[in-house]
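Below: one structure, written as structure tokens.
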Amino acid sequence: MKGYWLFYACLSILLLWGDTPFYQICILFLIFLTFIKKIRGCKKGIAIVLLLLCRCYIPISKDKPNPGYFKILEIKSSYVVASDGKHKVILYGLENPNFDNVYLVKKEFREIDTIHNFYGFSFENWLKIKHIFYETQLDDSKLVKQGNSVRHMIYEMISNRSEEETTFLKAMLFGVNEEDVSFLLLSSGMHIGFLLMLERKFLKRFMKEETGQLLILLQLLVLAACFTLSNSVLRLLCFYTANLFLFKENRKDQLGLGMFFIMFLAPYMVFEISFILPCIFRLAYMFNVKKMPKSYVSISVLFPLQLFYYHEVNPIQIFLFRFLRIVYAVFYFLALLTLLPFVPYFSIYQDILNTLSSIEKIGFTIFGTASMWWIVLWFYIFLRIISYKKKKDLIRQGFLLAFFFAMPYLNPFAQVYMLDVGQGDCSVVILPYRSKVIMIDVMGHLTKNIPEDIIVPFLHAKGIRKIDTLVVTHDDLDHSGGKKQLEKLISVDNVVNVKEKAKIYEEDWMKFLLLDYKGEDANENSIVTYMQFYDTSILFMGDLGIKGEKELLKQYPKLQADILKVGHHGSSTSSSSVFLHTLHPKLALISAGRNNRYQHPHQNVIENLHKENIHELTTKEKGAVSIKICKYFYFYKTVEQEFGIITHR
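Everything in the sequence shown is counted per UniProt numbering, starting at 1 for the first residue and increasing by one.
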């Protein structure tokens with residue numbers, strides 16, 4: 001078929017990646033053009049693509065599961081995935097779980113609803129792709145039936161060993177606590193692929209290649225039955241099955257058919273690193289007709305993918321990737337051997353893994369986010385280099401790399417971000433050309449590290465290593481509680497947290513208001529921050545109440561703002577109708593947590609905003625909000641894909 005399977009597989013992936021109808025129409029139009037050109041095999045390819053689309057877009061039942069009997073399918077470090085035969089759910093709080101155990105769940109299920117931020121990993125969306133929509137916390141679950149599968153017995157045997165050995169074996173064989181080892185390698189499954197490649201070469205000496213691949217396929221089925229059908233094992237199963245189906249065809253068609261098998265059986269995998277990384281590596285080696293060094297191929301593939309998925313790149317990890325793949329393949333093999341009763345476990349295994357994990361973290365980490373267009377251009381140039389090896393393409397790749405590092409400092413937009421931190425506040429302001437970074441408030445939590453989990457990952461994704469000024473509007477857990485945690489994670493040059501010292505940190509574009517006003521409590525003493533970029537003004541209110549608003553209008557009778565960061569999370573103690581009418585903003589930002597006990601934002605505040613024709617964006621509904629400001633207009637975008645353009649007054 002001369003690569004047609006691969007061609008249509010790539011088109012299908014683009015269709016699945018498309019998150020807008022316009023994008024998908026463009027890809028379908030491309031398929032139509034191939035039909036017009038009457039490419040051989042085109043009709044069959046279009047039929048396959050349409051069949052795949054029908055499979056992927058079958059309506060999924062999202063009805064709420066009832067309490068009842070649930071069987072454990074997957075085990076993670078802090079939760080398990082279970083099923084009642086119709087629904088997959090997340091269960092928390094289960095002690096000593098084991099595969100295929102059946103529990104009686106008595107508690108009601110709640111819809112999974114997590115915090116949504118730009119660049120951050122969305123646990124909710126990741127589960128939705130896998131058709132998991134509900135969760136519950138187990139307090140009084142009852143084991144009604146023990147599993148009797150092979151993997152149940154193996155997992156139980158492992159659990160009865162020493163703690164160190166149990167941790168090692170569960171991570172290597174079942175993917176439990178895999179964050180303790182090299183997540184990139186284990187999640188991509190390339191260490192298993194390396195082992196099978198060595199085995200295939202070994203078997204080739206004693207039998208036909210087709211017979212050897214059949215044996216490997218049977219081994220993969222045994223692995224799936226004894227452990228878990230992980231993404232990496234499923235991928236290898238599909239690829240080896242495709243190799244047998246198209247044994248006499250070229251490698252491109254074998255890869256394409258394998259990709260089709262994966263998309264049909266598990267469409268969600270097209271978004272996973274366990275699918276993307278191995279496929280791109282295989283494509284790269286297929287097109288590497290100029291025999292570029294494998295180290296160059298590895299670096300060129302890993303650099304953009306790590307930026308896209310993790311927003312950070314450790315050069316040491318990239319350079320050691322091929323070596324680490326071999327090492328983890330050896331440890332995977334040792335883990336399998338250790339299951340045998342006569343093969344001992346040596347504590348040095350875990351010591352070596354810990355050392356390797358530490359080595360991976362050595363060195364300078366590159367932070368940032370690569371746009372989809374930058375990645376497409378990078379891989380286009382990369383394919384030209386490995387196909388033609390022209391010097392000018394290497395120069396282009398160098399310029400593209402330099403442009404990535406220079407992009408933040410070439411951006412003329414002022415940027416304002418309201419992060420989704422739950423029932424609290426954190427806003428980030430980035431000046432044009434990255435001249436300064438300002439943060440207003442840093443929420444804390446009694447049991448979570450909000451700066452480590454949410455705020456700093458966002459800053460790193462933006463390539464930010466330093467905060468020039470941190471403004472703490474007032475001393476309260478939901479506004480200042482994360483300050484010390486933040487300072488441990490990232491450099492903070494200046495902190496404005498008392499009115500008496502705020503004046504010295506003012507700039508032409510940033511003023512602090514009501515510095516001489518003494519409120520009756522911490523909320524009323526909030527530091528009010530006014531900023532102006534180009535012709536757009538922004539007012540951050542902290543938790544200032546109605547009395548403070550009156551004083552603000554008294555001291556600044558002509559005060560107006562295009563964007564208002566609404567006070568006190570939308571509480572009825574702030575944002576009076578008089579204040580909103582006088583200030584007359586076009587856009588209001590409200591930071592409030594989902595299902596918060598205060599029921600913020602209050603309905604009367606929302607009604608006041610609507611009466612004044614002020615468009616409001618609330619984090620508990622829209623997630624994080626991004627605003628970009630230029631000379632003639634500003635536009636906003638939410639994580640939930642709401643978009644709007646607003647012109648200046």
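Ideal Cβ positions, reconstructed from N, Cα and C, are used throughout, including at glycine.
Rounded straight-line distance, which links the Cα of residue j to that of residue i
i, j, result
"F260", "S480", "51 Å"
"F620", "Y409", "According to the sequence displayed, residue 620 carries Lys and not Phe. K620 and Y409: Cα-Cα distance of roughly 32 Å."
"L515", "D140", "54 Å"
"P451", "V566", "22 Å"
"residue 721", "V301", "No statement about residue 721 is possible, as the shown extent of the chain runs from 1 to 649 and does not include it."
"R325", "H191", "5 Å"
"E524", "T365", "42 Å"
"G644", "K586", "12 Å"
"Y268", "P278", "16 Å"
"L305", "L383", "15 Å"
"D453", "K483", "14 Å"
"Y23", "H568", "Residue placement at Y23 is poorly supported in this model, since its pLDDT is 48, which falls under 50; the coordinates still yield a value, given next. Their Cα atoms are separated by approximately 40 Å."
"N379", "V456", "It is Phe, not Asn, that sits at residue 379 in the sequence shown. Using only the alpha carbons, I get a separation of about 29 Å."
"E640", "P344", "52 Å"
"V553", "K511", "Sequence check: residue 553 is Leu here, not Val. Straight-line Cα distance between these residues: approximately 15 Å."
"L104", "K76", "20 Å"
"E272", "S577", "48 Å"
"H615", "H648", "15 Å"
"K252", "C10", "11 Å"
"I13", "G85", "29 Å"
"S371", "K88", "33 Å"
Nonlocal neighbours in the same chain, by C-beta distance under 6 Å from residue i, ignoring five residues either side
i, result
"L470", "M439, V492 and V495"
"Q92", "The sequence shown places Tyr at residue 92, not Gln. Here the set comprises Y79 and Q137."
"V437", "I430, I464, I467 and D468"
"E124", "I112 and T114"
"Y632", "none"
"R40", "With a pLDDT of only 48 at R40, under the threshold of 50, the placement of this residue in the model should not be trusted; the figure read from the coordinates follows. Contacts found: none."
Reference residue i, options the options, closest by Cα
i, options, result
"S232", "L244, F245 and I262", "I262"
"H311", "F118, F512 and I13", "F118"
"V605", "G570, F168 and N595", "G570"
"Y636", "S591, V578, I563 and K204", "I563"
"M407", "L383, P432, I490 and L265", "P432"
"F458", "S435, L489, T473 and Q555", "L489"
"K142", "V150, K106, H131 and N250", "K106"
"Q415", "A402, Y534 and M197", "Y534"
"L400", "L229, H87, I381 and Y388", "I381"
"V327", "E95, S357, F275 and N595", "S357"
"F239", "M531, L6 and Q397", "L6"
"I154", "I90, K88 and L223", "L223"
First through last residue of the alpha helix (DSSP H) which encompasses residue i
i, result
"V429", "That residue, V429, is in no alpha helix (DSSP H); its beta strand (DSSP E) goes S427 to I430."
"A224", "E209 to C226"
"Y380", "M372 to Y388"
Residue i, enclosing beta strand (DSSP E) - first and last residue
i, result
"Q137", "I132 to Q137"
"E616", "H615 to T618"
"T638", "F633 to T638"
"K142", "K142 to K145"
Sequence-distant residues of the same chain with beta carbon closer than 7 Å to residue i, five excluded per side
i, result
"F303", "V313 and I318"
"residue 652", "Outside the displayed range of the chain (1 to 649) lies residue 652, so it cannot be described from this structure."
"E179", "Because E179 sits at a pLDDT of 49, beneath the cut-off of 50, its placement in the model cannot be relied upon, and the following sentence gives the value as read from the coordinates. If we look at E179 and ignore the five residues flanking it on each side, it has no Cβ neighbours."
"A242", "Q254, L257, G258 and F261"
"D425", "D441, M443, D478, H479 and S591"
"G120", "I454, P457 and F458"
"I299", "I318"
"K391", "none"
"Y505", "T469, N494 and V496"
Beta-carbon proximity list for residue i, same chain, < 8 Å, skipping 5 on both sides
i, result
"T638", "L617, K622, G623, A624, V625 and S626"
"F333", "L195"
"K64", "F109, E111 and Y134"
"L244", "E210, Q213, L214 and L217"
"S347", "E164"
"V297", "F281, A284, Y285, N288 and I386"
"V144", "Y69, V102, Y103 and L104"
"G193", "S232, L236 and P278"
Nearest-angstrom beta carbon gap, residue j and residue i [assumed within contact, 8 Å]
i, j, result
"L544", "S526", "5 Å"
"V472", "D508", "Not really, about 22 Å apart at Cβ, beyond 8 Å."
"G422", "G542", "That belief does not hold up - the Cβ atoms of G422 and G542 are roughly 17 Å apart, past 8 Å."
"residue 714", "H584", "In the structure displayed, the chain extends from 1 to 649; residue 714 sits before or after that span and is not available."
"D100", "K71", "6 Å"
"C630", "P315", "The pair is not a contact, with the Cβ atoms about 35 Å apart (cut-off 8 Å)."
Min CB distance residue i to chain E below 8 Å
i, result
"Q397", "The structure shown contains no chain E; it is built from a single protein chain."
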